[in-house]
Amino acid sequence: MGQTLMMAIPVFGVIALLFTFWKSGWVSKQDEGTEKMAKIAKHISDGAMSFLKAEYKVLAIFVVIVALILGLTAASDTSSPLVAFSFVLGAICSALAGFIGMKVATKANVRTTAAARTSLGKALEVAFAGGAVMGLGVVGLGVFGLGLLFLLFSSQFGLDNIDQVTRVITVLTGFSFGASSIALFARVGGGIYTKAADVGADLVGKVEAG
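The sequence shown begins at 354 in my numbering and counts up one residue at a time.
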């Protein structure tokens, strides 16, 4: 019974991800508004995705270096070099969550604006759907990643005594470390990027106004 429940955990993550993709598709089908609105939204989307690509290239180097350090320094009795694998998977899931969130946010923004021209309720529905995609995407990736790793490591090291359980949990912490690291850099880097874009837009506006 317990083994069956553990095997069901990654399935719940997959269900959340399937709902995420379905909801993202629903948001994409909503009206973008006027041609000018769609054009501005495309510029915003292109800029946001360019930032993500540039940031993830740098973070990939960081992930590789830290994974090597974790793998080489892992204690053989209480941990395992597999902690490096946990770290990399956590980083990938976190980066993927950021990508999904950025993609749907840039889609939902203009569609919420377009929906607000017809009714407040419709705008709220589109905005809430966009937020749900990001929220459930994070939860789905987290549950799927942790559930999958727990099944893998519990079968690898066993759960027969407290030492084995401690070892499994120790190796699992690499997933949280990887996810948190990417989230931290994305938060700091994203804040700097958005502030720079805000200042740039302000300067352009002042120049155009004379």
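Ideal Cβ positions, reconstructed from N, Cα and C, are used throughout, including at glycine.
Leaving aside the five residues that flank Ala437 on each side, the residues in its chain whose CB is nearer than 6 Å to its CB run, in chain order, Ala420, Leu423, Gly424. Shown here for Gly498: same chain residues with a beta carbon closer than 7 Å to its own, the five before and five after excluded, namely Leu442, Gly443, Cys446, Phe528 in chain order. Put simply, the stretch 492 to 507 does not touch the stretch 375 to 395. Fewer than three CB pairs are less than 8 Å apart. Residue Leu502 holds the alpha-carbon nearest to the alpha-carbon of Met360 among Leu502, Val541, Thr519, Phe530. Put simply, the backbone Cα of Leu370 is about 29 Å away from that of Val518. With a cut-off of 8 Å on Cβ pairs, the stretch 401 to 410 is not in contact with the stretch 477 to 491, counting fewer than three such pairs. When the five nearest sequence neighbours on each side are left out, the beta carbons in the same chain lying within less than 6 Å of the beta carbon of Pro363 are those of Phe497, Gly500, Leu501, in order along the chain.
The Cβ atoms of Thr465 and Ala480 lie closer than 8 Å to each other. The beta carbon of Ala427 sits closer than 7 Å to the beta carbons of Ser433, Pro434, Val436 from its chain, once the five residues preceding and following it are set aside; these are given in chain order. Exclusion of the five residues before and after Gly451 leaves Ala539 as the residues of its chain whose Cβ lies within less than 6 Å of its Cβ. Ranked by Cα distance from Lys392, the first of Glu561, Val463, Gln383, Val541 is Val463.
According to the DSSP assignment, Arg464 belongs to the alpha helix (DSSP H) that extends over 435 to 469. Distance from Val380 to Ala469 at the Cβ level is roughly 15 Å; contact not present, criterion being Cβ atoms closer than 8 Å.
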